[in-house]
Amino acid sequence: MASVDEANEDLVSSTIEEANNDDVVSSYTAEHLGPEFYNNANSYWSEIPATVDGMLGGFSHLSDNDVIESKDTILEYFVGPNARLSPDLALDCGAGIGRVSKRLLLQIFKQVELVEQNPIFLKKAKSYLKAYKQRVIAYHAVGLQDFYPEPDRYSIIWCQWVLAHLTDKDMMEFLDRSRIALQHKGLIVAKENVVKEVEERLFHKDDSSQTRSCKVFKELFAKAGLKLLKEVKQGNFPPGMLEIRTFVLAFD
Ligand SMILES: C[S@@+](CC[C@H](N)C(=O)[O-])C[C@H]1O[C@@H](n2cnc3c(N)ncnc32)[C@H](O)[C@@H]1O
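Residue numbering for the sequence shown follows our numbering, beginning at 9 and increasing consecutively.
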């Protein structure tokens, strides 16, 4: 196994922003850090402005393309031969200030709940989503690793740019809890940065996150008992950024 000091030579990014190479190491997993993994991420995000730009690492102008593609990706699950979702309640995981809730989920689902580890982002979300006050029914101020959702509750569990912040073990346990929390025929959507197949994963010291490869994601999803219904590569993003994949997943 490579040592923690072996910095990766490639220019990669930690969320979607470009990161300093010194902050990136390969062949190193979150499990090495134990509780510090979550404390570091917490400190990192506490310094980030509660704005759309803050959520997107300075790339707020890419928010439109992101949302358009997400919408296109899931529409087939409401109408036509693949219809299976009812537009009831969505859970926005790692919601930040509620960008995904506002632009995507509240445009489709009747109600939304947010779960987010940073209370300052959630406070901002309350004003950012003010126009939807009646339809945002809960703000859960807790890390996903400690979130225990109620059974049989959500039509969709949307995880965007947050699974990188969970250890494999915690991600698997969260997926297991999600199995119970989803309504019949509900879906999990994971929209995350990915590294090329050869790189199993990259660990980012600055924000305490890990970028997994598609292969790693798929192995973990399969191990969790999830079926991959669809995989979409984000288009219309500038070159030089990490690839972004949307995985649409179901337990049945
Ligand atoms: C890159 S931002 C993405 C925000 C939002 N999903 C979006 O796309 O606009 C990552 C978010 O994940 C949150 N986060 C980090 N670690 C988390 C954890 N363990 N549990 C829940 N949220 C977490 C951060 O506080 C931040 O709001």
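Here a beta-carbon is modelled for each residue, glycine too, at the ideal position from N, C-alpha and C.
To the nearest angstrom, how far is the alpha carbon of residue 106 from that of residue 137? Position 98 of the sequence shown, counting from 1, holds the residue named residue 106. Position 129 of the sequence shown, counting from 1, holds the residue named residue 137. So the two alpha carbons sit approximately 7 angstroms from each other.
Between residue 126 and the rest of its own chain, which residues show a CB-CB distance below 7 angstroms, the 5 nearest in sequence each way excluded? Locating residue 126 in the sequence shown gives position 118, where the first residue counts as 1. Leaving aside the five residues that flank residue 126 on each side, the residues in its chain whose CB is nearer than 7 angstroms to its CB run, in chain order, 53 and 54.
Tell whether a beta-carbon distance below 7 angstroms holds between residue 167 and residue 139. Your numbering for residue 167 matches position 159 in the sequence shown. Your numbering for residue 139 matches position 131 in the sequence shown. No, the Cβ-Cβ distance between residue 167 and residue 139 is not below 7 angstroms.
Using the C-alpha atoms, what's the distance from residue 122 back to residue 240? If you number the sequence shown from 1, residue 240 lands on position 232. If you number the sequence shown from 1, residue 122 lands on position 114. Pairing residue 240 with residue 122, the inter-Cα distance amounts to about 24 angstroms.
By the three-class DSSP mapping on this structure, what secondary structure does residue 87 have? To locate residue 87, count along the sequence shown from 1; it is residue 79. Coil.
Cβ contact (3+ pairs, closer than 8 angstroms) linking the region 89-102 and the region 66-78: no
Touching or not, the region 249-260 and the region 225-239, by the rule of three or more beta carbon pairs under 8 angstroms? yes
Straight-line gap, residue 67 to residue 152 (C-alpha atoms, nearest Å): Here the question's residue 67 lines up with position 59 in the sequence shown. Here the question's residue 152 lines up with position 144 in the sequence shown. A direct Cα-to-Cα measurement between residue 67 and residue 152 gives close to 24 angstroms.
Is residue 49 a contact residue of ligand 1, with contact defined as CB to any heavy atom under 6 angstroms? If you number the sequence shown from 1, residue 49 lands on position 41. Checking the Cβ of residue 49 against ligand 1 gives yes.
Given 6 angstroms as the limit, tell me if residue 84 has its C-beta closer than that to any heavy atom belonging to ligand 1. Position 76 of the sequence shown, counting from 1, holds the residue named residue 84. Because no heavy atom of ligand 1 lies under 6 angstroms away, the Cβ of residue 84 does not count as near it: no.
Would you mind sorting residue 230 into buried or exposed? The rule is 16 or more other CB atoms within 10 Å of its CB. For the purposes of this step, residue 230 is taken as the residue at position 222 of the sequence shown. So residue 230 ends up on the exposed side.
Alpha carbons only, please: which of 243, 177, 223 and 170 is nearest the one belonging to residue 215? The residue labelled residue 215 in the question sits at position 207 within the sequence shown. For the residues 243, 177, 223 and 170, the minimum Cα distance to residue 215 belongs to 170.
8 angstroms Cβ shell around residue 202 - same chain, five flanking residues per side excluded: Position 194 of the sequence shown, counting from 1, holds the residue named residue 202. Hits under 8 angstroms: 219, 220, 221, 222, 225, 250, 251, 252 and 253.
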